[in-house]
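Let me begin by presenting the structure, written as structure tokens, before commenting on it.
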Amino acid sequence: FRGRGRLSDGPRLGVMATDGAPSTTSAAVGNEVELAAAGRTTQGVPPSDTYLKESGHWIADFAEYADMYRRSVREPERFWTELAAREFVWHPSAAPTVGDALQANFDVRHGRIEVQWFRNARTNICYNAVDRHVHAGRGDQVAFHYEANDVDDARAHRAITYAQLLEMVRRMAQVLRDAGVQRGEPVAIYMPMVPELPAAMLACARIGAVHSVVFGGFSAESLAGRIADAQCRVVITCDGVMRGSKLVLLKQVADEAIALCESRQPGFRVHTQLVLRRVPERLPHVTMMPGRDRDLHQAMAAVDLSAAAAPATATTNGAEAVATDGPLLAADVEWVHAEEPLFILYTSGSTGKPKGVLHTVGGYMVGAASTFKYAFNVRPDDVYFCTADCGWITGHSYGVYGPMLNGATQVLFEGVPTWPDAGRLWAIVDKYRVTHLYTAPTAIRALKKAGDAFVKRYSRRSLKLLATVGEPINPQVWGWYHQVVGDGRCNVVDTYWQTETGAHMIVSPPVRGFQQKPGSAGVPFFGVQLAVLDASGREIPFQPGVESEGLLCIRAPWPSCIRSIYGDHERMESVYFKPFPGYYLTGDGCRRDGEGYFWLTGRVDDVINVSGHRMGTAEVESALLRHPAVAEAAVVGMPHEIKGEGICCFVTLNDGYDGSGALRDELVQMCRREIGPIASPDRVQWAAGLPKTRSGKIMRRILRKLAEQGKHLDVASLGDLSTLADPSVVDALVRDYVEE
Ligand code: WTA
């Protein structure tokens with residue numbers, strides 16, 4: 066991505082005050098009017114007095130929030146440059162400047178989409194997330210309380226201070242350097258939620274390498290696809306881990322994935338695999354391939370940190386940067402340009418294989434840290450707990466970078482919320498006196514279903530703020546989170562965003578004067594200009610008192626915006642920018658109420674949201690098609706009590722096969738093997754034929770309705786079916802539908 070040309074002479078955005086001079090625009094910019102309307106509502110739930118009393122606040126109230134928002138959209142370059150310069154350490158000779166803050170083309174009609182923030186500035190996100198706090202005398206502060214899967218795994222549970230983490234990261238960084246990892250080179254990380262996982266991410270960032278974390282629940286096939294896509298030659302993994310009562314064999318999957326990549330691409334080789342020994346007592350004999358596999362802890366222990374402090378390569382240029390700031394400790398830091406890549410994270414789209422979303426260092430740092438700070442109000446004495454795995458974007462932005470850039474103390478949880486029982490999260494809350502909890506509606510639904518007794522068994526007195534992400538939270542579930550988990554005392558913060566946005570786009574600011582509306586994600590974060598488009602792509606302007614519904618788009622670049630799809634920039638342009646020139650298309654539908662609040666209504670494309678995880682229906686279909694019995698498959702989402710959406714597959718079989726229970730199990734296994742357990746179909750329906758148009762396109766809306774209503778589906782309610790090649794297919798589908 067680096068060095069693909071600059072945009073200094075490209076067109077700039079109309080709203081930008083390009084020279085940093087105060088804007089003279091008198092008309093409202095962005096969503097100023099929406100925010101003004103939201104500030105006047107009396108319809109929502111105001112923050113409780115206890116919350117306001119017990120919490121620290123970076124800003125006084127919602128009026129100040131709205132004022133900061135106004136500045137952020139009228140003078141984005143000045144706003145973000147001032148924030149960036151104030152809150153982070155930059156190379157002294159390359160700090161961000163207002164005149165150079167943003168280069169962007171956000172409109173495909175003007176050429177290549179390119180977004181660059183602070184492009185001439187240099188920094189290191191690992192230094193900002195770890196070293197800085199140690200130098201400021203906070204080395205003894207706990208960075209992570211590590212809570213292992215097993216409650217009684219006394220050897221594993223431990224607190225890791227920022228100073229200890231720094232040493233861990235420096236050792237790991239040196240191991241990577243010794244393995245020949247270069248600045249800009251992608252490294253695959255396939256690990257469970259152990260302290261070594263964030264440490265590995267930070268170690269990559271420290272040396273300017275690019276991490277590609279693959280969720281530890283993905284299959285060998287999925288991991289292979291990701292290793293091959295970015296051509297990772299170094300993989301960091303783990304022998305295995307207990308998840309709940311199950312032993313997961315990560316190293317075995319990683320070995321298989323590497324073998325797949327090497328067999329498919331002659332000449333490609335993973336030359337180094339670093340293996341964490343997490344469960345040696347359960348897996349005493351892990352096969353290590355000589356010359357390739359190394360024990361991670363042994364390699365780290367062998368590092369001589371005094372030697373590691375010396376610049377390892379000619380490109381290392383940090384020594385002079387930190388002469389006043391901790392010279393020895395930081396000499397092993399690469400001071401990279403803000404627009405150098407930081408990580409790749411794969412996510413599902415409506416077509417094709419998962420996309421490697423690319424984020425760069427400077428803008429991502431500013432976005433993750435500032436949203437964490439203002440949406441969550443975490444203070445130094447607080448204990449923050451994000452339940453997301455680092456394999457997802459939430460784990461990146463709000464389990465590693467956001468909190469650590471703010472010097473927070475957090476809980477890192479290896480296990481699952483329902484093991485050994487549904488009280489585990491609340492036990493953790495009491496054990497570490499957690500003040501801030503960030504989780505997903507799917508987890509809340511599962512815990513709600515288990516019954517209030519599990520919650521009530523614990524005090525939860527320490528909790529102040531409860532946040533959610535990943536899917537719309539319905540008002541009943543919101544109410545349970547607020548009343549039962551938070552005893553009505555805590556502030557509930559919904560946060561809407563995506564892998565591509567890097568950081569929150571819509572939040573419910575936890576400040577005096579802002580009322581939460583259960584089920585609404587809230588209002589835009591600083592710098593975010595939301596637009597609601599009708600189906601023809603026309604923007605529906607906001608009018609107080611008038612509700613509108615449409616496609617959610619974003620009108621101007623924000624710092625942590627997606628920069629590219631790894632290896633396929635054109636695909637990024639066609640997915641997000643070509644459909645409506647001038648806008649980033651989120652893929653989500655939304656409703657904006659008459660008071661300027663945004664309510665997400667779900668994906669408008671063929672992406673489904675299963676337990677808060679994005680899945681492309683096309684991915685599941687291609688997994689099914691690998692089975693010899695399957696002639697055709699169409700996958701749609703269906704309502705699911707816990708998962709939000711479940712996976713419903715309509716399958717047409719080849720001649721000679723009958724739909725049996727055994728075949729159904731085989732297909733379920735196929736999806737688990739090809740993608741991972743999160744892709745297990747909830748329902749497999751045998752279909753004599755699929756509803757296709759004369760041009761052969763499957764009409765999914767019919768299948769969606771069928772999956773939702775089953776046998777009760779009234780075919781007449783489906784509207785015009787005359788474009789179907791064979792309308793009788795629909796009657797057959799309803800007739801053959803098997804309720805489960
Ligand atoms: C959905 C997760 C409603 C949405 C951070 C989006 C939400 C997709 C919310 C991104 C929310 C996320 N309310 N829907 N608060 N948060 N979504 O990339 O459909 O894994 O497009 O990022 O999750 O999923 P992703």
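Residue numbers for the sequence shown follow UniProt numbering, so the first one is 66 and each next one is one higher.
Even glycine gets a Cβ: it sits at the ideal position worked out from N, Cα and C.
Q.
I want to check one thing, is the minimum distance from the CB of Thr436 to the heavy atoms of ligand 1 below 7 Å?
A. The residue given as residue 436 occupies position 371 in the sequence shown. No, Cβ of Thr436 sits at least 7 Å from all heavy atoms of ligand 1.
(Q) Using a Cβ-based criterion (distance less than 7 Å to any ligand heavy atom), does residue 10 qualify as near ligand 1? (A) One cannot answer for residue 10 here, as it falls past the ends of the chain, which runs 66 to 805.
Q | 8 Å Cβ shell around Ser524 - same chain, five flanking residues per side excluded | A | Walking along the sequence shown from the start, residue 524 turns up at place 459. So the qualifying residues of the chain are Asp495.
Q) Tyr116 lies in the alpha helix (DSSP H); which residues open and close that run? A) Translated into positions along the sequence shown, residue 116 becomes position 51. First-last of the alpha helix (DSSP H) with Tyr116: 114-119.
Q: Go to His222, then tell me how far its beta strand (DSSP E) extends in each direction, as first and last residue.
A: In the sequence shown, residue 222 corresponds to position 157, counting from 1. No beta strand (DSSP E) contains His222, which DSSP labels as neither H nor E.
Q. Is Trp491 helix, strand or coil by DSSP?
A. Position 426 of the sequence shown, counted from the start, is the residue given in the question as residue 491. Trp491 falls in the helix class under three-state DSSP.
**Q.** Where the beta strand (DSSP E) through Leu778 begins and ends
**A.** Counting from 1 along the sequence shown, the entry for residue 778 is found at position 713. Here Leu778 belongs to no beta strand (DSSP E), and DSSP marks it neither H nor E.
Q) Would you call the CB atoms of Val318 and Ala285 closer than 8 Å? A) Indexing the sequence shown from 1 puts residue 318 at position 253. Indexing the sequence shown from 1 puts residue 285 at position 220. Taking 8 Å as the Cβ cut-off, Val318 and Ala285 qualify as a contacting pair.
(Q) Along the chain, where does the alpha helix (DSSP H) containing Trp543 start, and where does it finish? (A) Along the sequence shown, one-based indexing puts residue 543 at 478. First-last of the alpha helix (DSSP H) with Trp543: 540-545.
Q) What's the gap between the Cα of Tyr439 and the Cα of Glu129? A) Locating residue 439 in the sequence shown gives position 374, counting from the first residue. Locating residue 129 in the sequence shown gives position 64, counting from the first residue. One C-alpha to the other measures close to 12 Å.
(Q) Here's the rule: buried if 16 or more other CB atoms are within 10 angstroms of the residue's CB, otherwise exposed. What is Asn471? (A) Stepping through the sequence shown from its first residue, residue 471 is reached at position 406. When all chains shown are included, Asn471 counts as buried.
(Q) Would you say the beta carbon of Thr651 is closer than 7 Å to some non-hydrogen atom of ligand 1? (A) Translated into the one-based positions of the sequence shown, residue 651 becomes position 586. Yes, ligand 1 has a heavy atom inside 7 Å of this Cβ.
Q) Which residues in the same chain have their Cβ closer than 7 Å to the Cβ of Ile272, if we skip the five residues on either side of it in sequence? A) Position 207 of the sequence shown, counting from 1, holds the residue named residue 272. Here the set comprises Ala238, Leu241, Arg242, Val246, Arg248, Glu399.
Q. Excluding five sequence neighbours on each side, which residues of the same chain lie with their C-beta closer than 6 Å to the C-beta of Tyr449?
A. Residue 449 sits at position 384 when you count from the first residue of the sequence shown. Counting only Cβ-Cβ distances below 6 Å, and skipping sequence neighbours, we find Val443, Pro468, Ala473, Gln475, His501.
Q. Touch check for the region 784-791 and the region 742-751: three-plus C-beta pairs under 8 Å?
A. no
Q: Would you mind giving the Cβ-Cβ distance between Ala694 and Leu718, rounded to the nearest angstrom? I have them listed as a contact below 8 Å.
A: Here the question's residue 694 lines up with position 629 in the sequence shown. Here the question's residue 718 lines up with position 653 in the sequence shown. Going by Cβ atoms, the distance from Ala694 to Leu718 rounds to 5 Å, so yes, they are a contact pair.
**Q.** Gln168 in three-state terms, based on DSSP
**A.** On the sequence shown, position 103 is the one that residue 168 refers to. Looking at Gln168 - three-state DSSP - the assignment turns out to be strand.
**Q.** Any non-hydrogen atom of ligand 1 closer than 7 Å to Gln580 Cβ
**A.** One-based indexing of the sequence shown puts residue 580 at position 515. No, since every heavy atom of ligand 1 falls outside the 7 Å radius drawn around the Cβ of Gln580.
**Q.** Buried versus exposed call for Ala727 [16 or more other C-beta atoms within 10 Å across all chains shown]
**A.** Position 662 of the sequence shown holds residue 727. Ala727 comes out exposed.
Q. For ligand 1, any of its heavy atoms closer than 7 Å to the Cβ of Glu536?
A. In the sequence shown, residue 536 corresponds to position 471, counting from 1. Within the cutoff, so yes.
Q | Near ligand 1: Trp545 beta-carbon under 7 Å from a heavy atom | A | Numbered from its first residue, the sequence shown carries residue 545 at position 480. False, no ligand heavy atom lies under 7 Å from that Cβ.
**Q.** Residue from Leu771, Arg184, Tyr429, Gly761 with nearest C-alpha to Val700
**A.** Here residue 700 refers to the residue found at position 635 of the sequence shown. Checking every option, the nearest Cα to that of Val700 belongs to Leu771.
Q | Pairwise C-alpha distance: Gly460 and Pro419 | A | As a first step, residue 419 is located in the sequence shown; it is residue number 354 there, counting from the start. As a first step, residue 460 is located in the sequence shown; it is residue number 395 there, counting from the start. For Pro419 and Gly460, the distance between alpha carbons rounds to 18 Å.
Q.
For Gln734 and Glu404, which I take to be in contact (beta-carbon distance under 8 Å), what is that distance rounded to the nearest angstrom?
A. Position 669 of the sequence shown holds residue 734. Position 339 of the sequence shown holds residue 404. With a Cβ gap of about 44 Å, Gln734 and Glu404 do not count as contacting.
**Q.** Counted within 10 angstroms of its Cβ, other Cβ atoms place Met637 as buried (16 or more) or exposed
**A.** Counting from one through the sequence shown, the residue named residue 637 turns up at place 572. Answer is buried; the Cβ neighbour count reaches 16.
Q) Terminal residues of the continuous beta strand (DSSP E) containing Met680? A) By 1-based counting over the sequence shown, the position of residue 680 is 615. Looking at the DSSP string, the run of the beta strand (DSSP E) that includes Met680 is 678-681.
Q) Can you name, in chain order, every residue of its own chain whose Cβ lies under 8 Å from the Cβ of Ser793, other than the five neighbours on each side? A) For the purposes of this step, residue 793 is identified with residue 728 of the sequence shown, where counting begins at 1. In its own chain, leaving out the 5 sequence neighbours on each side, no residue places its CB closer than 8 Å to the CB of Ser793.
Q | Val803 classed as buried or exposed, judged by whether at least 16 other C-beta atoms fall within 10 angstroms | A | Here residue 803 refers to the residue found at position 738 of the sequence shown. In this structure Val803 is exposed. Its beta-carbon is surrounded by fewer than 16 other beta-carbon atoms within 10 angstroms.
Q: Helix, strand or coil for Ala86, going by three-state DSSP, please let me know.
A: Taking the sequence shown and counting its residues from 1, the one referred to as residue 86 is at position 21. In this prediction, Ala86 has a pLDDT of 41, which is less than 50 and means its spatial position is unreliable; what the coordinates show is noted afterwards. DSSP places Ala86 in coil when its eight states are reduced to three.
Q. Roughly how many angstroms lie between the CA atoms of Met116 and Met233, to the nearest whole one?
A. Numbered from 1 along the sequence shown, position 51 holds the residue referred to as residue 116. Numbered from 1 along the sequence shown, position 168 holds the residue referred to as residue 233. One point to set straight first is that residue 116 is Tyr, not Met, in the sequence displayed. About 36 Å.
Q) Hey, quick one: how far does the alpha helix (DSSP H) through His461 stretch, first residue to last? A) Within the sequence shown, residue 461 is the residue found at index 396, counting from 1. 458-461 is the span of the alpha helix (DSSP H), which, as asked, contains His461.
Q: Please determine, among Arg187, Thr452, Asp720, Trp545, the residue with the shortest C-alpha to C-alpha distance to Pro406.
A: Walking along the sequence shown from the start, residue 406 turns up at place 341. Of Arg187, Thr452, Asp720, Trp545, the residue nearest in Cα terms is Arg187.
**Q.** Cut-off 8 Å between Cβ atoms - residues of its own chain near Glu612, not counting five sequence neighbours on either side
**A.** Sequence index remark: in the sequence shown, residue 612 carries index 547 (1-based). Around Glu612: Arg656, Arg657, Asp658, Gly659.
Q. Just to check, is the beta-carbon of Asn556 closer than 7 Å to a non-hydrogen atom of ligand 1?
A. One-based indexing of the sequence shown puts residue 556 at position 491. Checking every heavy atom of ligand 1 against the Cβ of Asn556, none is found closer than 7 Å.
Q: Please specify which runs of the alpha helix (DSSP H), each continuous and at least 4 residues long, are wholly inside the region 428-489, giving them in chain order.
A: 458-461, 467-470
Q: Could you tell me if the beta carbon of Gln541 falls within a distance shorter than 7 Å of some heavy atom in ligand 1?
A: Numbered from 1 along the sequence shown, position 476 holds the residue referred to as residue 541. No, the beta carbon of Gln541 sits no closer than 7 Å to any heavy atom of ligand 1.
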